[in-house]
Every structure is written in structure tokens, then in C-alpha cells.
Amino acid sequence: MHPSPLLATITDRDRGNISHFWLGHRPVHITYRLHGSIPRVELLRIAQHRTEALLARDKRMEKVSSRYHAEALAQETHRISSHVELELEAALHRGSQGPFHLEQTELRNIVLDSWKFLQKEIEVYAVCVMSNHVHAVVGAPPSSHSIDLGRLMDRHKSHTARHCNRILGATGQPFWATNYFDRTVRDGKFLTVMWYVLNNPVKSGLVTSWEAWPGTYLNSRYLAHFV
Numbered sequence: 011m012h013p014s015p016l017l018a019t020i021t022d023r024d025r026g027n028i029s030h031f032w033l034g035h036r037p038v039h040i041t042y043r044l045h046g047s048i049p050r051v052e053l054l055r056i057a058q059h060r061t062e063a064l065l066a067r068d069k070r071m072e073k074v075s076s077r078y079h080a081e082a083l084a085q086e087t088h089r090i091s092s093h094v095e096l097e098l099e100a101a102l103h104r105g106s107q108g109p110f111h112l113e114q115t116e117l118r119n120i121v122l123d124s125w126k127f128l129q130k131e132i133e134v135y136a137v138c139v140m141s142n143h144v145h146a147v148v149g150a151p152p153s154s155h156s157i158d159l160g161r162l163m164d165r166h167k168s169h170t171a172r173h174c175n176r177i178l179g180a181t182g183q184p185f186w187a188t189n190y191f192d193r194t195v196r197d198g199k200f201l202t203v204m205w206y207v208l209n210n211p212v213k214s215g216l217v218t219s220w221e222a223w224p225g226t227y228l229n230s231r232y233l234a235h236f237v
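Letter by letter, the sequence shown follows residues 11 to 237 in my numbering.
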């Protein structure tokens, strides 16, 4: 079953436009989740909030002069995207019905190992694998002008889903939710976003320091910033 257009509105990327986003040298924060990890009714609620926020934004933009319109629109859109991302994150942490497949060490390591392997193609700055979702901060390598992020995510999710489902005895069943959420890291916010990703298990009360979480990967070049 394909996701409804309304559900698709709460994410930046889905299979319908998977080839139209290119990863540049500016880091991108990606969040993706297990299939069924957020109830449909909750997704509909968040999607409705986003639609209402965008309509209110457009109304406010009518009063902004053309000189400042582009900047104001970008700021408002970023604010709305941030709020949607926080709502999705809260829904994932509230999830009490599962699935929580990524609690299993073997499955968690499949996801981490896939990102480590992808370092041959991209810059992987940090990854945090939670029980039902994953955060990753990535960028294009210095040797490449840009990387097709949609195709890279498709490969990563297909590879990890196949191997995880084999272990679960669920070959052919959906493992990941179709969509994923990505946002380009704004200038001056790189370390803030990195800390947010690393600190996810601490904020959830699972560990007392990010280093203690077995589902965390940090590029060694940035270790000095977080110890």
C-alpha cells in the first residue's frame, strides 16, 4: 500500500522524488524509522499541523515586502520543519507498541556497519541507532561535488532491510518506513546538530553518557569536540 499524499507531506523525501535531491558538502541530518513505528493516526495529526502551519505562513508572507520575502520565507519554513521534526521525534519516543527491532544487537550492528561501509562514498559524521529509528549526519566527500542522497538511502535501506528481515524470519515484509526526513544543517549549527544526535539515548534516559550507547558511531575526527 502506498503512503497517502497527506502522510507524505510530513517528510522531505519519499520514493516519488527519490532522485531529485543531491547531497552537497553542507552536512545533512537524516532521520528514518521502522515501518509501523508511528501510528497512522499520529502521522495524520502531525501532517495536519504542518498543513495548517504552512497555510498560516503563506498568509503572513502576503504582508512581507518583496525585498525581504525570500529570507522570511526560508526562516518560516525552517521553523515549521524544525517543529515537525520534533513532533516526529516525540512520537517515536512515545511509541509503546513497537516495533523495536533495533534493540537487537545483531540488527543494530547491521545498520551501523552499513553506514561505516558507505564512508567509501560519503562523509559520515555521526550515526545513532535507537530502538525504532536512526539519526545520521552525512555530507558529500571533498572529492565529489554532490551525491544522490535519495539513491544512497534507497540502497542503504534495501541492504539493511534484507539482512535484518532474514534474521527476523520476515523476508519480504516491510522493515523501514518508506519515507525519511532530512534537513540541511544551517551555518554555525553543525556541532549543535551533532550533539543532538549523539545525546539522543541520554535524553531518553537509556544511558548517562553518549559514549555508553552501543548504537552510536562518531567519526574519529570529531571526537575531541564531544569528550
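Ideal Cβ positions, reconstructed from N, Cα and C, are used throughout, including at glycine.
Close Cβ partners of residue i (< 8 Å) along its chain, the five nearest in sequence each way excluded
i	result
Val195	Arg36, Pro37, Val38, His39, Val147 and Val203
Trp205	Phe236
Leu162	Leu33, Leu128, Glu131 and Ile132
Identity of the residues DSSP links to residue i by a beta bridge
i	result
Ala136	Val147 and Leu228
Leu33	Ile157
Trp223	Answer is none; Trp223 lacks a bridge partner.
Endpoints, beta strand (DSSP E) assigned at residue i
i	result
Phe200	Segment Phe200 to Leu208 is the alpha helix (DSSP H) holding Phe200; no beta strand (DSSP E) there.
Asp192	Phe191 to Thr194
Alpha-carbon spacing of residue i relative to residue j, whole angstroms
i	j	result
Asp164	Tyr42	11 Å
Lys126	Arg67	40 Å
Ala171	Leu128	16 Å
His143	Leu44	6 Å
Lys130	Ser153	11 Å
Gly46	Glu99	14 Å
Asn210	Leu102	12 Å
Arg60	Ile90	7 Å
Lys167	Val134	16 Å
Ala75	Leu65	Inspection of the sequence shows that residue 75 is occupied by Ser rather than by Ala. Distance between the alpha carbons of Ser75 and Leu65: 18 Å.
Phe185	Ala222	26 Å
Val137	Lys69	38 Å
Ser230	Arg77	44 Å
His88	Asp123	32 Å
Gly233	Asp197	Note that residue 233 corresponds to Leu in the displayed sequence, not to Gly. Leu233 and Asp197: Cα-Cα distance of roughly 20 Å.
Gln107	Phe200	33 Å
Val212	Thr218	6 Å
His145	Glu86	24 Å
Close Cβ partners of residue i (< 6 Å) along its chain, the five nearest in sequence each way excluded
i	result
Leu112	Arg118, Val139 and Ser141
Ala63	Ile90
Ile48	Ala101
Thr181	Asn175
For residue i, the first and last residue of its enclosing alpha helix (DSSP H)
i	result
Phe127	Thr115 to Leu128
Tyr42	Counting along the chain, Tyr42 falls outside any alpha helix (DSSP H), though it belongs to the beta strand (DSSP E) covering Val38 to Arg43.
Thr87	Ser76 to Arg104
Val237	Element bounds for Val237: n/a, residue is neither H nor E.
Ala66	Arg50 to Met71
Cβ neighbours of residue i in the same chain (closer than 7 Å, five flanking residues each side left out)
i	result
Ile177	Glu116 and Leu117
Ser156	Trp32, Leu33, Gly34 and Ala150
Ala82	Met71 and Val74
Leu208	Ala136, Cys138, Trp220, Thr226, Leu228 and Phe236
Gly179	none
Gln183	Asn175
Ile238	For residue 238 there is no data in the structure shown, the boundaries of the chain being 11 and 237.
Residue from the options with nearest C-alpha to residue i
i	options	result
Glu95	Gln183, Phe191, Lys69 and Ala82	Phe191
Pro109	His145, Ala187 and His79	Ala187
Pro224	Ala84, Arg55, Gln114 and Glu52	Gln114
Arg55	Glu97, Gln85, Val121 and Ala84	Glu97
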